[in-house]
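Okay, structure first, notes after.
Residue numbers (the UniProt record's numbering): 1 to 410.
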(Lines of atoms letter the chains of each structure in order from A and count residues from 1; the text may use other names and numbers.)
(Lines give C-alpha, C1' and ligand atoms only; values in the text may rest on other atoms or scores of the structure.)
Protein backbone atom coordinates (compact mmCIF):
# COMPACT_ATOMS: atom_id res chain seq x y z
CA UNK A 1 0.00 0.00 0.00
CA UNK A 2 1.32 3.48 -0.86
CA UNK A 3 1.99 5.58 2.21
CA UNK A 4 0.08 8.75 2.96
CA UNK A 5 1.94 11.99 2.23
CA UNK A 6 1.39 15.36 3.90
CA UNK A 7 2.52 18.95 3.41
CA UNK A 8 3.55 20.23 6.84
CA UNK A 9 5.30 23.50 6.04
CA UNK A 10 5.20 26.09 3.26
CA UNK A 11 7.06 29.29 2.46
CA UNK A 12 6.77 31.84 -0.31
CA UNK A 13 8.38 35.18 -1.08
CA UNK A 14 6.54 38.14 -2.48
CA UNK A 15 6.47 37.93 -6.28
CA UNK A 16 7.98 41.05 -7.85
CA UNK A 17 9.09 42.60 -11.12
CA UNK A 18 12.31 41.01 -12.41
CA UNK A 19 15.51 42.38 -10.97
CA UNK A 20 13.95 44.21 -8.01
CA UNK A 21 14.70 41.84 -5.10
CA UNK A 22 18.22 40.58 -5.69
CA UNK A 23 19.34 37.25 -7.09
CA UNK A 24 17.63 33.86 -6.95
CA UNK A 25 19.83 32.39 -4.16
CA UNK A 26 18.73 35.24 -1.89
CA UNK A 27 14.97 34.95 -2.20
CA UNK A 28 14.94 31.16 -2.64
CA UNK A 29 16.76 30.87 0.70
CA UNK A 30 14.02 32.97 2.33
CA UNK A 31 11.30 30.65 1.01
CA UNK A 32 13.16 27.57 2.24
CA UNK A 33 13.77 28.98 5.71
CA UNK A 34 10.12 30.03 5.96
CA UNK A 35 8.96 26.52 5.00
CA UNK A 36 11.28 24.92 7.55
CA UNK A 37 10.08 27.32 10.25
CA UNK A 38 6.46 26.63 9.31
CA UNK A 39 7.14 22.89 9.66
CA UNK A 40 9.03 23.47 12.92
CA UNK A 41 12.01 21.39 11.76
CA UNK A 42 15.65 21.99 10.82
CA UNK A 43 17.34 21.52 7.46
CA UNK A 44 19.22 18.58 8.99
CA UNK A 45 15.87 16.74 9.13
CA UNK A 46 15.48 16.89 5.34
CA UNK A 47 16.43 13.60 3.71
CA UNK A 48 16.16 14.58 0.02
CA UNK A 49 15.32 17.77 -1.88
CA UNK A 50 13.93 18.53 -5.34
CA UNK A 51 14.37 21.97 -6.92
CA UNK A 52 12.33 23.27 -9.86
CA UNK A 53 13.28 26.15 -12.15
CA UNK A 54 13.30 26.93 -15.88
CA UNK A 55 15.97 29.55 -16.55
CA UNK A 56 19.30 28.62 -14.97
CA UNK A 57 22.35 26.39 -15.07
CA UNK A 58 22.46 22.78 -14.00
CA UNK A 59 22.93 22.98 -10.22
CA UNK A 60 21.00 26.07 -9.17
CA UNK A 61 19.28 23.96 -6.54
CA UNK A 62 22.56 23.22 -4.82
CA UNK A 63 23.47 26.92 -5.03
CA UNK A 64 20.30 27.72 -3.09
CA UNK A 65 20.35 24.92 -0.53
CA UNK A 66 24.06 24.99 0.33
CA UNK A 67 23.36 28.33 2.03
CA UNK A 68 20.92 26.59 4.36
CA UNK A 69 22.94 23.46 5.04
CA UNK A 70 25.43 21.06 3.49
CA UNK A 71 24.35 17.67 4.75
CA UNK A 72 25.30 15.62 1.71
CA UNK A 73 21.69 14.68 0.86
CA UNK A 74 20.54 14.02 -2.73
CA UNK A 75 19.44 17.25 -4.43
CA UNK A 76 17.65 17.00 -7.77
CA UNK A 77 17.16 19.80 -10.31
CA UNK A 78 14.06 19.55 -12.54
CA UNK A 79 12.77 21.57 -15.50
CA UNK A 80 9.39 20.86 -17.05
CA UNK A 81 8.65 24.40 -18.19
CA UNK A 82 6.02 26.24 -16.13
CA UNK A 83 5.01 23.08 -14.23
CA UNK A 84 8.51 22.65 -12.76
CA UNK A 85 7.49 23.63 -9.22
CA UNK A 86 4.71 21.05 -9.12
CA UNK A 87 7.08 18.50 -10.62
CA UNK A 88 9.28 19.04 -7.56
CA UNK A 89 6.30 18.31 -5.29
CA UNK A 90 5.37 15.29 -7.42
CA UNK A 91 8.82 13.75 -7.11
CA UNK A 92 9.00 14.40 -3.35
CA UNK A 93 5.62 12.74 -2.92
CA UNK A 94 6.75 9.68 -4.87
CA UNK A 95 9.89 9.33 -2.77
CA UNK A 96 7.85 9.36 0.43
CA UNK A 97 4.91 7.37 -0.90
CA UNK A 98 7.23 4.62 -2.08
CA UNK A 99 8.85 4.29 1.33
CA UNK A 100 12.31 5.53 0.34
CA UNK A 101 12.33 8.52 2.72
CA UNK A 102 10.11 10.23 5.29
CA UNK A 103 10.96 13.94 4.97
CA UNK A 104 11.46 15.85 1.71
CA UNK A 105 11.85 19.45 0.62
CA UNK A 106 10.41 20.83 -2.63
CA UNK A 107 11.72 24.21 -3.81
CA UNK A 108 10.77 26.33 -6.81
CA UNK A 109 12.31 29.62 -7.89
CA UNK A 110 12.92 31.81 -10.92
CA UNK A 111 14.93 34.86 -11.93
CA UNK A 112 13.46 36.27 -15.13
CA UNK A 113 14.38 39.03 -17.55
CA UNK A 114 12.25 42.19 -17.60
CA UNK A 115 9.68 42.58 -20.34
CA UNK A 116 7.90 40.03 -22.48
CA UNK A 117 8.85 36.37 -22.34
CA UNK A 118 11.12 35.40 -25.23
CA UNK A 119 11.20 32.26 -27.33
CA UNK A 120 13.94 29.64 -27.78
CA UNK A 121 17.12 30.28 -25.81
CA UNK A 122 19.37 28.10 -27.97
CA UNK A 123 19.56 28.65 -31.71
CA UNK A 124 21.90 25.77 -32.57
CA UNK A 125 19.55 22.88 -31.72
CA UNK A 126 15.96 21.73 -32.02
CA UNK A 127 13.36 23.81 -30.19
CA UNK A 128 11.60 21.59 -27.61
CA UNK A 129 8.31 23.12 -28.77
CA UNK A 130 9.16 22.85 -32.46
CA UNK A 131 6.45 20.31 -33.24
CA UNK A 132 3.88 22.34 -31.31
CA UNK A 133 4.80 25.43 -33.32
CA UNK A 134 4.51 23.49 -36.57
CA UNK A 135 1.12 22.13 -35.56
CA UNK A 136 -0.11 25.60 -34.70
CA UNK A 137 1.17 26.73 -38.09
CA UNK A 138 -1.04 24.17 -39.82
CA UNK A 139 -4.12 25.92 -38.43
CA UNK A 140 -3.15 29.59 -38.24
CA UNK A 141 -0.32 31.92 -39.13
CA UNK A 142 2.58 31.92 -36.66
CA UNK A 143 3.75 35.50 -36.18
CA UNK A 144 7.15 36.86 -35.24
CA UNK A 145 7.47 37.67 -31.56
CA UNK A 146 6.59 35.81 -28.35
CA UNK A 147 4.86 32.50 -28.91
CA UNK A 148 3.13 31.99 -25.56
CA UNK A 149 0.35 34.55 -26.18
CA UNK A 150 -0.14 32.94 -29.58
CA UNK A 151 -0.58 29.45 -28.11
CA UNK A 152 -3.10 30.59 -25.53
CA UNK A 153 -4.68 33.37 -27.56
CA UNK A 154 -5.42 30.91 -30.36
CA UNK A 155 -6.80 28.39 -27.88
CA UNK A 156 -9.18 31.01 -26.51
CA UNK A 157 -10.25 32.07 -29.98
CA UNK A 158 -11.09 28.46 -30.83
CA UNK A 159 -13.21 28.19 -27.68
CA UNK A 160 -15.04 31.36 -28.63
CA UNK A 161 -15.73 30.08 -32.12
CA UNK A 162 -16.99 26.71 -30.86
CA UNK A 163 -18.98 27.76 -27.81
CA UNK A 164 -19.81 31.45 -28.12
CA UNK A 165 -17.65 32.76 -25.29
CA UNK A 166 -16.53 36.37 -25.71
CA UNK A 167 -13.77 38.79 -24.81
CA UNK A 168 -15.97 40.03 -21.98
CA UNK A 169 -15.69 36.60 -20.36
CA UNK A 170 -11.89 36.87 -20.48
CA UNK A 171 -12.01 40.35 -18.94
CA UNK A 172 -14.29 39.10 -16.16
CA UNK A 173 -11.75 36.38 -15.33
CA UNK A 174 -8.90 38.89 -15.17
CA UNK A 175 -10.96 41.38 -13.12
CA UNK A 176 -11.78 38.60 -10.65
CA UNK A 177 -8.12 37.67 -10.28
CA UNK A 178 -7.00 41.27 -9.77
CA UNK A 179 -9.76 41.64 -7.16
CA UNK A 180 -8.48 38.54 -5.35
CA UNK A 181 -4.83 39.54 -5.72
CA UNK A 182 -5.44 42.93 -4.12
CA UNK A 183 -5.95 41.02 -0.85
CA UNK A 184 -2.73 39.01 -1.15
CA UNK A 185 0.33 40.69 0.42
CA UNK A 186 2.66 38.47 -1.65
CA UNK A 187 1.07 39.32 -5.01
CA UNK A 188 2.94 41.34 -7.61
CA UNK A 189 -0.13 43.40 -8.53
CA UNK A 190 -2.18 45.09 -5.83
CA UNK A 191 -4.45 47.07 -8.14
CA UNK A 192 -8.01 46.19 -9.04
CA UNK A 193 -9.20 46.74 -12.61
CA UNK A 194 -12.67 46.97 -14.07
CA UNK A 195 -13.81 44.83 -16.98
CA UNK A 196 -13.77 47.95 -19.15
CA UNK A 197 -10.20 48.86 -18.18
CA UNK A 198 -9.07 45.34 -19.00
CA UNK A 199 -10.81 45.31 -22.36
CA UNK A 200 -9.31 48.70 -23.23
CA UNK A 201 -5.74 47.80 -22.27
CA UNK A 202 -3.18 47.26 -25.02
CA UNK A 203 -3.95 44.42 -27.41
CA UNK A 204 -1.31 41.68 -27.20
CA UNK A 205 -2.55 38.95 -29.53
CA UNK A 206 -5.93 37.79 -30.78
CA UNK A 207 -8.50 38.17 -27.98
CA UNK A 208 -5.84 38.86 -25.34
CA UNK A 209 -5.15 42.30 -23.89
CA UNK A 210 -2.19 43.17 -21.69
CA UNK A 211 -4.17 42.95 -18.45
CA UNK A 212 -5.27 39.41 -19.35
CA UNK A 213 -1.65 38.19 -19.46
CA UNK A 214 0.50 37.25 -16.47
CA UNK A 215 3.62 39.37 -15.89
CA UNK A 216 7.21 38.15 -15.81
CA UNK A 217 8.29 37.84 -12.19
CA UNK A 218 11.00 36.91 -9.72
CA UNK A 219 10.17 34.83 -6.67
CA UNK A 220 10.40 31.53 -4.83
CA UNK A 221 8.33 29.01 -2.92
CA UNK A 222 9.04 25.90 -0.86
CA UNK A 223 7.21 23.06 0.86
CA UNK A 224 8.16 20.37 3.38
CA UNK A 225 6.53 16.98 2.81
CA UNK A 226 6.36 14.10 5.30
CA UNK A 227 5.08 10.58 5.68
CA UNK A 228 2.33 9.91 8.21
CA UNK A 229 4.91 8.36 10.54
CA UNK A 230 7.06 11.49 10.38
CA UNK A 231 4.10 13.77 11.01
CA UNK A 232 3.37 11.86 14.22
CA UNK A 233 7.07 11.76 15.19
CA UNK A 234 7.40 15.55 14.89
CA UNK A 235 3.97 16.24 16.40
CA UNK A 236 2.66 18.15 13.37
CA UNK A 237 -0.82 16.66 13.12
CA UNK A 238 -2.47 20.05 13.60
CA UNK A 239 -0.59 21.54 10.62
CA UNK A 240 -0.61 18.60 8.22
CA UNK A 241 -2.41 18.89 4.89
CA UNK A 242 -2.78 15.56 3.14
CA UNK A 243 -2.12 15.11 -0.58
CA UNK A 244 -5.05 12.77 -1.25
CA UNK A 245 -4.43 12.61 -4.96
CA UNK A 246 -1.85 13.70 -7.50
CA UNK A 247 -1.66 13.04 -11.22
CA UNK A 248 0.93 14.07 -13.76
CA UNK A 249 0.18 13.81 -17.48
CA UNK A 250 1.84 14.74 -20.74
CA UNK A 251 0.37 15.43 -24.18
CA UNK A 252 -1.72 12.77 -25.92
CA UNK A 253 -1.38 11.71 -29.59
CA UNK A 254 -4.47 13.79 -30.40
CA UNK A 255 -2.31 16.92 -30.17
CA UNK A 256 -0.61 16.11 -33.47
CA UNK A 257 -3.31 13.90 -35.04
CA UNK A 258 -6.20 16.36 -34.80
CA UNK A 259 -6.67 20.00 -35.67
CA UNK A 260 -7.28 21.85 -32.44
CA UNK A 261 -5.50 24.91 -31.12
CA UNK A 262 -6.83 24.14 -27.65
CA UNK A 263 -5.05 20.78 -27.72
CA UNK A 264 -1.81 22.55 -28.65
CA UNK A 265 -2.27 24.55 -25.44
CA UNK A 266 -2.52 21.40 -23.34
CA UNK A 267 -6.25 20.79 -22.88
CA UNK A 268 -5.96 17.04 -23.43
CA UNK A 269 -3.36 16.45 -20.74
CA UNK A 270 -5.32 18.58 -18.26
CA UNK A 271 -8.51 16.61 -18.97
CA UNK A 272 -6.64 13.30 -18.70
CA UNK A 273 -5.04 14.13 -15.34
CA UNK A 274 -8.34 15.50 -13.99
CA UNK A 275 -10.26 12.39 -15.01
CA UNK A 276 -7.69 10.19 -13.27
CA UNK A 277 -7.60 12.19 -10.04
CA UNK A 278 -11.37 12.23 -9.58
CA UNK A 279 -11.56 8.50 -10.30
CA UNK A 280 -8.76 7.62 -7.86
CA UNK A 281 -9.90 9.86 -4.99
CA UNK A 282 -13.64 9.37 -5.38
CA UNK A 283 -14.04 13.13 -4.95
CA UNK A 284 -16.47 14.91 -7.26
CA UNK A 285 -15.50 18.22 -8.90
CA UNK A 286 -18.57 19.66 -7.19
CA UNK A 287 -17.04 18.85 -3.79
CA UNK A 288 -13.94 20.99 -4.40
CA UNK A 289 -14.01 24.19 -2.34
CA UNK A 290 -10.98 26.10 -3.63
CA UNK A 291 -8.79 25.90 -6.74
CA UNK A 292 -5.47 27.37 -7.76
CA UNK A 293 -5.15 26.91 -11.53
CA UNK A 294 -2.66 27.93 -14.18
CA UNK A 295 -4.02 31.23 -15.52
CA UNK A 296 -0.92 32.31 -17.43
CA UNK A 297 -3.49 33.96 -19.70
CA UNK A 298 -7.20 34.53 -19.04
CA UNK A 299 -7.94 32.26 -21.99
CA UNK A 300 -6.22 29.36 -20.23
CA UNK A 301 -8.25 29.84 -17.07
CA UNK A 302 -11.41 29.79 -19.20
CA UNK A 303 -10.62 26.54 -21.02
CA UNK A 304 -9.25 24.93 -17.84
CA UNK A 305 -12.60 25.28 -16.05
CA UNK A 306 -13.89 22.66 -18.46
CA UNK A 307 -10.77 20.48 -18.35
CA UNK A 308 -11.03 20.29 -14.55
CA UNK A 309 -14.77 19.51 -14.86
CA UNK A 310 -15.72 22.55 -12.79
CA UNK A 311 -18.35 23.04 -15.47
CA UNK A 312 -19.45 21.14 -18.57
CA UNK A 313 -17.77 21.34 -21.96
CA UNK A 314 -18.82 24.58 -23.62
CA UNK A 315 -20.26 25.93 -20.35
CA UNK A 316 -17.36 28.17 -19.26
CA UNK A 317 -19.17 31.33 -20.30
CA UNK A 318 -22.21 30.53 -18.15
CA UNK A 319 -19.90 29.51 -15.28
CA UNK A 320 -18.18 32.92 -15.44
CA UNK A 321 -21.37 34.95 -15.83
CA UNK A 322 -22.94 33.20 -12.83
CA UNK A 323 -19.96 34.12 -10.63
CA UNK A 324 -19.37 30.46 -9.90
CA UNK A 325 -15.59 31.02 -9.98
CA UNK A 326 -15.38 33.34 -6.98
CA UNK A 327 -16.57 33.92 -3.42
CA UNK A 328 -20.25 33.12 -3.05
CA UNK A 329 -20.26 30.85 -6.10
CA UNK A 330 -19.69 27.16 -6.69
CA UNK A 331 -15.93 27.25 -6.08
CA UNK A 332 -13.33 29.95 -5.43
CA UNK A 333 -10.74 29.90 -8.23
CA UNK A 334 -7.38 31.58 -7.68
CA UNK A 335 -7.99 33.33 -4.35
CA UNK A 336 -4.29 34.24 -4.43
CA UNK A 337 -4.89 36.36 -7.52
CA UNK A 338 -3.56 33.62 -9.77
CA UNK A 339 -0.66 34.08 -12.14
CA UNK A 340 -2.28 37.19 -13.63
CA UNK A 341 -2.25 39.20 -10.38
CA UNK A 342 0.12 37.26 -8.13
CA UNK A 343 2.81 36.92 -10.83
CA UNK A 344 4.45 33.98 -12.56
CA UNK A 345 8.11 33.25 -11.77
CA UNK A 346 7.95 30.03 -13.75
CA UNK A 347 9.61 27.52 -11.42
CA UNK A 348 8.05 29.03 -8.30
CA UNK A 349 4.42 28.95 -9.42
CA UNK A 350 3.64 25.36 -8.43
CA UNK A 351 5.02 25.91 -4.91
CA UNK A 352 3.12 29.18 -4.57
CA UNK A 353 -0.12 27.41 -5.50
CA UNK A 354 0.63 24.72 -2.91
CA UNK A 355 1.33 27.34 -0.25
CA UNK A 356 -1.91 29.20 -0.95
CA UNK A 357 -4.00 26.04 -0.75
CA UNK A 358 -2.35 24.93 2.48
CA UNK A 359 -3.04 28.32 4.02
CA UNK A 360 -6.65 28.09 2.84
CA UNK A 361 -7.14 24.60 4.28
CA UNK A 362 -5.49 25.57 7.56
CA UNK A 363 -7.67 28.68 7.82
CA UNK A 364 -4.67 31.02 7.62
CA UNK A 365 -5.48 33.00 4.45
CA UNK A 366 -6.64 36.17 6.17
CA UNK A 367 -9.17 38.33 4.33
CA UNK A 368 -9.08 36.05 1.28
CA UNK A 369 -10.04 32.98 3.31
CA UNK A 370 -12.50 30.63 1.63
CA UNK A 371 -15.15 29.74 4.22
CA UNK A 372 -15.04 26.13 5.48
CA UNK A 373 -12.48 25.06 2.88
CA UNK A 374 -11.91 21.31 3.15
CA UNK A 375 -10.93 20.12 -0.34
CA UNK A 376 -8.48 22.01 -2.56
CA UNK A 377 -7.36 21.40 -6.13
CA UNK A 378 -4.14 22.59 -7.80
CA UNK A 379 -3.46 22.74 -11.56
CA UNK A 380 0.02 23.61 -12.88
CA UNK A 381 0.71 23.44 -16.63
CA UNK A 382 3.87 23.52 -18.72
CA UNK A 383 3.76 23.54 -22.50
CA UNK A 384 5.81 20.97 -24.25
CA UNK A 385 4.29 19.43 -22.18
CA UNK A 386 3.44 18.43 -18.63
CA UNK A 387 0.61 19.06 -16.22
CA UNK A 388 0.39 18.22 -12.51
CA UNK A 389 -2.97 18.20 -10.74
CA UNK A 390 -2.93 17.82 -6.98
CA UNK A 391 -5.81 17.38 -4.53
CA UNK A 392 -5.41 18.30 -0.87
CA UNK A 393 -7.57 17.56 2.19
CA UNK A 394 -7.91 19.58 5.36
CA UNK A 395 -6.76 17.94 8.55
CA UNK A 396 -4.70 14.96 9.59
CA UNK A 397 -7.44 12.34 9.87
CA UNK A 398 -11.15 11.68 9.43
CA UNK A 399 -11.98 15.05 7.87
CA UNK A 400 -14.49 14.43 5.11
CA UNK A 401 -15.15 16.70 2.12
CA UNK A 402 -18.37 18.65 1.82
CA UNK A 403 -21.03 16.72 -0.05
CA UNK A 404 -22.69 18.49 -2.95
CA UNK A 405 -25.78 18.90 -0.76
CA UNK A 406 -23.75 20.40 2.07
CA UNK A 407 -22.06 22.91 -0.23
CA UNK A 408 -25.40 24.12 -1.54
CA UNK A 409 -26.35 25.11 2.02
CA UNK A 410 -23.16 27.06 2.77
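From the three backbone atoms N, C-alpha and C, an ideal C-beta is built for every residue, glycine too.
For residue i, the residue or residues it bridges with in DSSP
i	result
residue 333	291
residue 421	Outside the displayed span of the chain (1 to 410) sits residue 421, for which this structure offers no information.
residue 48	104
residue 110	219
residue 247	389
residue 379	389
residue 82	80
residue 213	297
residue 225	7, 104
residue 54	Residue 54 pairs with nothing; no bridge assigned.
When the options are compared against residue i, the one with the closest alpha-carbon
i	options	result
residue 69	105, 358, 367, 343	105
residue 223	194, 352, 361, 79	352
residue 340	134, 177, 199, 27	177
residue 331	349, 293, 367	293
residue 192	112, 175, 185	175
residue 361	333, 395, 348	395
residue 113	46, 128, 54	54
residue 299	210, 276, 371, 123	210
residue 262	201, 166, 161, 289	161
residue 94	50, 133, 310, 282	50
residue 61	109, 40, 98	109
Whether residue i touches residue j by CB criterion (9 Å)
i	j	result
residue 217	residue 17	yes
residue 4	residue 188	no
residue 64	residue 103	no
residue 256	residue 135	yes
residue 308	residue 148	no
residue 225	residue 96	yes
residue 56	residue 88	no
residue 266	residue 142	no
residue 247	residue 230	no
residue 227	residue 43	no
Range covered by the alpha helix (DSSP H) that runs through residue i
i	result
residue 179	167-181
residue 258	Note, residue 258: premise wrong, no alpha helix (DSSP H); not H, not E.
residue 123	That residue, residue 123, is in no alpha helix (DSSP H); it is neither H nor E in DSSP.
residue 77	Unbroken run through residue 77 is the beta strand (DSSP E), 75-78; no alpha helix (DSSP H).
residue 301	298-307
residue 138	130-139
residue 318	316-321
residue 276	267-281
residue 162	148-163
residue 38	24-39
residue 352	349-361
Buried or exposed (CB count within 10 angstroms, at least 16 for buried), residue i
i	result
residue 139	exposed
residue 58	exposed
residue 253	exposed
residue 77	buried
residue 152	buried
residue 9	buried
residue 349	buried
residue 410	For residue 410, the pLDDT reaches just 44, beneath the cut-off of 50, and the residue's location in the model is therefore unreliable, leaving the point undetermined.
residue 242	buried
residue 270	buried
residue 11	buried
First and last residue of the uninterrupted beta strand (DSSP E) at residue i
i	result
residue 205	203-205
residue 6	5-12
Heavy atom of the ligand PLP within 8 Å of residue i beta-carbon
i	result
residue 381	With respect to the ligand PLP, the structure offers nothing, as it holds no ligand at all.
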